[in-house]
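Residue numbers (my numbering), protein chains in the order written: chain A, 296 to 600; chain W, 12 to 341. The structure appears below as structure tokens.
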């Protein structure tokens, strides 16, 4: 009788062990990640349905071969042009009803001006991850993080390593240049009139790309919100850039973008204008800090040398 | 009698209309579905969207709309000025400055002040600022009030821009504060707004007769025992609280307080007992309609609701400014 009971107990013990192991495995599948707003986000299992509420983030999922998990993007996302995916409207204010109707496991969103939207998503209990990459280092780290969120940590790490390798190869090459060999560069984003200029200094990833590509950004000693700040045409004249970079927004818009600068009377004696070194740069490369950074650095390198 | 019938029609239309408007949006519901959701016979994503997003948003729109309309009505009567409105006379701009200032202090100086109370303080300050600037020997000429309001609004909007740029915030955040949105309204907002809106309604219901007497002229009011300064203070104080809560919930929403009281006065008259409930009802209904447009016109993209109300309200404002009553006084 006692022996019989002992058997029962041992069976029970074994069952309990199995239950505990299963429970432990289930619990350890959940990960906690601190996002770019400093929020602790719990991912119970790799999300299958993701709403990408900012076009800045989409590229990360594409690079990591996770596009199939995307169920919704904003109206401004080029991803929607080539993929069957729901559009969720503007970045601000978010259409919460639309997002909830897609029943996402995770919503990915930028910081900055979208910060106020994060609270709204939290209020209605939608799991939200904020990603606000702003530099080469951030891009590297976020590739690893996104890989972890989606349960493909190796893929994330490998992709991040490749990315770093590629960029640093170019950067090391530029490193050999002496100070005089580096062209003086300015990035000019025009808001309407040529006199209304925004440029990027320290803190911006475009500034970083210019440095990696071997240019000397004349605005580098200055900074602003995310590294961006407005300057007057006087600043441009005073810094005498040898190369001017201007963004264009659609295929075929290159000539118009360059013309705005070249035809602006006060700029006609600038070295960059006289030597025909005003280059159009596709806005898609400079708008978001994403793995396209490699192409940005490569393009700049071609312009510079 | 005719007015009572009109009022009954209006209130029935409001409730049915609101139910009907709530069926439009990213997801459309039939009235039957809404009924099933409301009595709890339905579950799933669609029902949770309706109960947690659509319904609180609808109620917030109604509450803010009726609060602003009742507040505008009070201002118009006590200031004896057909163009008075929380938005026009700068109360809303003051409130939005207070709200942004609280955000600014929290981020930059790590001082945590309650957004609503700071919004209220500046709403009150700006209303008295406008009042003081526009007062000419005991009365407030219509155009002077409007001009002072514009100046005070400019002042506070500039201060908001300054704060936003100074804190290195993106300008789009600013955009939200200058043209409000009801996106993200929750049940908490409903619970926060309800007591404030009802308190204003209660206070104005008590002093409604006195406000109507004030509208007939301050001198006349004094002779029948109304204390004009006290009444004005009470009205400014109440409207400031309502504007502050409205602004910190939904940003700047203009012209509701201007358009609705005029329509109601045309239909019911200023001294009717039904004036106040009708103003509250129509104000709420108006904002619900505007929000429905904001939600559905370019869906899934949402418009700021302030843009919709301004589109409707600005022409009415121009019409009123050109009307005989104002032309005579200005």
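No residue lacks a Cβ here, since even glycine has one placed at the ideal position from N, Cα and C.
query                                                                                                                         : result
Boundaries (first-last residue) of the alpha helix (DSSP H) holding residue 426 of chain A                                    : Run containing residue 426 of chain A: none; DSSP gives neither H nor E here.
Option nearest residue 358 of chain A by Cα separation, candidates A/327, A/369 and A/458                                     : A/458
Any chain W beta carbon closer than 8 Å to residue 388 of chain A                                                             : yes
Residue 192 of chain W: contacting residues in chain A (beta-carbon distance under 9 Å)                                       : 387 and 388
Identified DSSP bridge partners for residue 512 of chain A                                                                    : A/480
CB contact below 8 Å: residue 413 of chain A versus chain W                                                                   : no
C-beta atoms of residue 98 of chain W and residue 266 of chain W nearer than 8 Å                                              : yes
Contacting positions in the segment 57-68 of chain W - beta carbon closer than 8 Å to chain A                                 : 57, 59, 60, 63, 64 and 65
Three-state secondary structure assigned by DSSP to residue 341 of chain W                                                    : Because the pLDDT at residue 341 of chain W is just 43, under 50, the model does not fix this residue reliably, and the point stays unresolved.
Local Cβ density within 10 Å of residue 103 of chain W, reported as buried at 16 or more and exposed below that               : buried
Whether residue 574 of chain A touches residue 600 of chain A by CB criterion (8 Å)                                           : no
Status (buried if at least 16 other CB within 10 Å, exposed otherwise) for residue 224 of chain W                             : buried
DSSP beta-bridge partners of residue 403 of chain A                                                                           : A/347 and A/424
Anticipated Cβ contact below 8 Å, residue 171 of chain W with residue 253 of chain W, distance rounded                        : Contact flag wrong, Cβ pair sits at about 20 Å.
C-beta neighbour in chain A for residue 183 of chain W, strict 8 Å                                                            : Its pLDDT being 47, under 50, residue 183 of chain W is placed unreliably in this model, and the value from its coordinates should be taken loosely. Residue 183 of chain W counts as touching chain A.
Residue 294 of chain W beta carbon less than 8 Å from that of residue 79 of chain W                                           : yes
Test item: CB-CB of residue 514 of chain A and residue 494 of chain A under 8 Å                                               : yes
Cβ pair count under 8 Å reaching 3, the segment 433-450 of chain A against the segment 340-359 of chain A                     : yes
Interface residues of chain A facing residue 38 of chain W [CB-CB closer than 7 Å]                                            : 392 and 396
Residue-chain proximity (residue 487 of chain A, chain W), Cβ-Cβ < 8 Å                                                        : no
Collapsed DSSP secondary structure at residue 224 of chain W in the structure displayed                                       : helix
Beta-ladder partner(s) of residue 337 of chain A, from DSSP                                                                   : A/327
Three or more C-beta pairs below 8 Å linking the segment 303-311 of chain W and the segment 112-119 of chain W                : no
Buried versus exposed call for residue 26 of chain W [16 or more other C-beta atoms within 10 Å across all chains shown]      : exposed
Sequence-distant residues of the same chain with beta carbon closer than 6 Å to residue 96 of chain W, five excluded per side : 83, 268 and 269
Residue 541 of chain A, enclosing beta strand (DSSP E) - first and last residue                                               : 538-543
Element boundaries [alpha helix (DSSP H), containing residue 369 of chain A]                                                  : Run containing residue 369 of chain A: none; DSSP gives neither H nor E here.
Whole-Å CB distance - residue 414 of chain A paired with residue 65 of chain W, under 8 Å assumed                             : That belief does not hold up - the Cβ atoms of residue 414 of chain A and residue 65 of chain W are roughly 19 Å apart, past 8 Å.
For residue 386 of chain A, the three-state DSSP class (helix, strand or coil)                                                : coil
Local conformation of residue 534 of chain A per DSSP, three classes                                                          : helix
The segment 193-214 of chain W: positions lying closer than 7 Å to chain A by Cβ                                              : 194, 195 and 197
Cα-Cα separation between residue 426 of chain A and residue 442 of chain A, rounded to whole angstroms                        : 13 Å
Distance, residue 408 of chain A Cα to residue 183 of chain W Cα                                                              : Per-residue confidence for residue 183 of chain W stands at a pLDDT of 47, beneath the threshold of 50, marking its modelled position as unreliable; no derived number is given.
Best match in W/240, W/159, W/245 and W/262 for proximity to residue 200 of chain W [C-alpha to C-alpha]                      : W/262
The alpha helix (DSSP H) enclosing residue 408 of chain A, as first and last residue numbers                                  : Unbroken run through residue 408 of chain A: none, as it is neither H nor E.
Straight-line Cα distance separating residue 562 of chain A from residue 388 of chain A                                       : 40 Å
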